[in-house]
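Colleague: In the working numbering, the protein residues as written are 4 to 380.
Think of the CB as a built atom: it goes at the ideal place given N, C-alpha and C, for glycine as much as any other residue.
Predicted, not measured: the structure shown is a model, and the values here were computed from it.
1. Do the region 141-158 and the region 83-91 touch if we need at least three Cβ pairs shorter than 8 angstroms?
2. Using a 10 Å radius around the Cβ and a threshold of 16 neighbouring Cβ atoms, would you call residue 186 buried or exposed?
3. Jot down the residue ranges of each uninterrupted beta strand (DSSP E) in the region 219-265, minimum 3 residues, whole runs only, in chain order.
4. Would you check if the distance between the CB atom of residue 3 and the CB atom of residue 225 is smaller than 8 angstroms?
5. What are the boundary residues of the beta strand (DSSP E) that includes residue 318?
6. Spatial neighbours of residue 249 within its chain, please: CB distance less than 7 angstroms, with the 5 preceding and 5 following residues excluded, ordered by chain position.
7. Which residues bound the beta strand (DSSP E) around residue 78?
8. Below 8 angstroms between beta carbons: does that hold for residue 215 and residue 234?
9. Cα-Cα, which of 303, 291, 332 and 287 is closest to residue 360?
10. Report the residue from 334, 231 and 343 whose alpha carbon sits nearest the alpha carbon of residue 39.
11. What is the DSSP secondary structure of residue 144, counted as helix, strand or coil?
12. Please report how far the alpha carbon of residue 65 lies from the alpha carbon of residue 179, in whole angstroms.
13. From the DSSP secondary-structure annotation, give me the bridge partner or partners of residue 88.
14. Whole angstroms are fine: how far does the CA of residue 158 sit from the CA of residue 171?
15. Using 8 angstroms as the threshold, is the C-beta distance between residue 3 and residue 72 below it?
16. Checking 8 angstroms against the spacing of the C-beta atoms, do residue 132 and residue 79 come in under that value?
17. If you draw a straight line from the C-alpha of residue 155 to the C-alpha of residue 46, how long is it?
18. What does DSSP give as the partner residues of residue 154 in its beta bridges?
19. By the 10 Å Cβ neighbour count, where 16 or more other Cβ atoms means buried, how is residue 25 classified, buried or exposed?
20. Below 8 angstroms, how does it come out for the region 300-313 and the region 368-378: are there three or more Cβ pairs, yes or no?
21. Where do the ends of the beta strand (DSSP E) carrying residue 47 lie?
22. Go ahead and pull the three-state DSSP assignment for residue 378.
23. Over the uninterrupted beta strand (DSSP E) stretch that includes residue 298, give me the two end residues.
24. Please list, in chain order, all residues of the same chain as residue 181 whose beta carbon is under 7 angstroms from its beta carbon, the five residues on each side excluded.
25. Mind checking who residue 289 pairs with in its DSSP beta bridge?
26. If we call anything under 8 angstroms between Cβ atoms a contact, is residue 194 one with residue 144?
27. According to DSSP, residue 362 sits in a beta bridge with which residue or residues?
28. Would residue 134 be called buried (16 or more neighbouring beta carbons within 10 Å of its own) or exposed?
29. I need the DSSP call for residue 93, collapsed to helix, strand or coil.
30. Is residue 348 closer than 8 angstroms to residue 355 when the C-beta atoms are compared?
31. Taking the alpha-carbon positions, what's the residue 382 to residue 120 distance?
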């Protein structure tokens, strides 16, 4: 009798285990599974037709997606709403997909935001540099953050098409000399082995991120450089957008503390990929944590290169279930590919549709594609 009961218990345990394993295989992996090593990113579509450098995409339902990004007459034949060609880097445009996010086109090659009067003026209308837009939809409103000459600009909309006048996140912002306005140690631009002196020594801005939780609007920006830091501001989403205040936790996390050996590049230097800049936050809430994709930039690879050349895609998550608190960086950073001269990999765009987790970012140095999370074998 004892052995019969034991055999029945063992059979029941094996059947239960098989059911659990089968259930796991039929569910879709999440960012928590990625963080814990149970899932990985794989290329779903190599090229979705978006420019390689950026996108921020919303699922509108029924297989329709809207993607916001900056474009110019040079890159996509874009004109402003006064009919004039838009200089590079360009204004915000809205791209569309009607095939489930597999391919995107620009239906109207005209800037999304109107100018105060004609002709358009960059100082008043930001027409030549509405860069790296991030859009968050709440159901009753759309919130927009973008970079204008390193400064963070905010707007809101009722329909995602017609936008309010703009507000500065803070002033001063972007880059400025401390002789104009003192900055904190977190905001300070430090030395870089391959840059022979900076014009300015303070930074708050660069490609932003945006997120709404209930009635609270969060905006994420880069603070300081070499080393870089991720910072956030928060406030009432229905109030004056220029009155957001600095988050209590500042910074949320830091980039690498040093450039690292000057003769190490690529995979050998991955640990230093986010030394110069930490920016371009994309935030989602999964389970008991907030997850963030962000761009890390190590900076120029040789002296007086004159441009940034070492980019990577990093992930971080909140330690607890709150944005304004401690964060930790993913131990496997950078993800997808080793640090490289690829300016599109860091500005990632995450969507969760019908339980599937997608990410738009660079697949090569010339194409922006779609990745999705799959279970590891």
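Modeller: Looking at the atomic coordinates:
1. no
2. Burial state of residue 186 is buried, judged by a 10 Å Cβ sphere holding 16 or more other Cβ atoms.
3. 219-226 and 232-239
4. For residue 3 there is no data in the structure shown, the boundaries of the chain being 4 and 380.
5. 314-321 is the span of the beta strand (DSSP E), which, as asked, contains residue 318.
6. So the list reads 236, once near-sequence residues are dropped.
7. First-last for residue 78: 76-79, but that is the alpha helix (DSSP H), not the beta strand (DSSP E).
8. no
9. If we check each option's Cα against that of residue 360, 287 comes out closest.
10. 334
11. coil
12. 46 angstroms
13. Under DSSP, the beta-bridge partners assigned to residue 88 are 82.
14. 9 angstroms
15. Because the chain here runs from 4 to 380, residue 3 falls outside it and cannot be looked at.
16. no
17. 32 angstroms
18. The partner list for residue 154 (beta bridge, DSSP) reads 151.
19. Confidence is the limiting factor: at residue 25 the pLDDT is only 40, short of 50, which leaves the residue's position unreliable, though a coordinate-based value still follows. That one is exposed.
20. no
21. 42-48
22. strand
23. 292-300
24. 204 and 205
25. Residue 289 is bridged to 292.
26. no
27. As a beta-bridge residue in DSSP terms, residue 362 pairs with 353 and 374.
28. Residue 134 should be labelled buried.
29. strand
30. no
31. Look at the range of the chain in this structure, 4 to 380, and you will see that residue 382 is not part of it.
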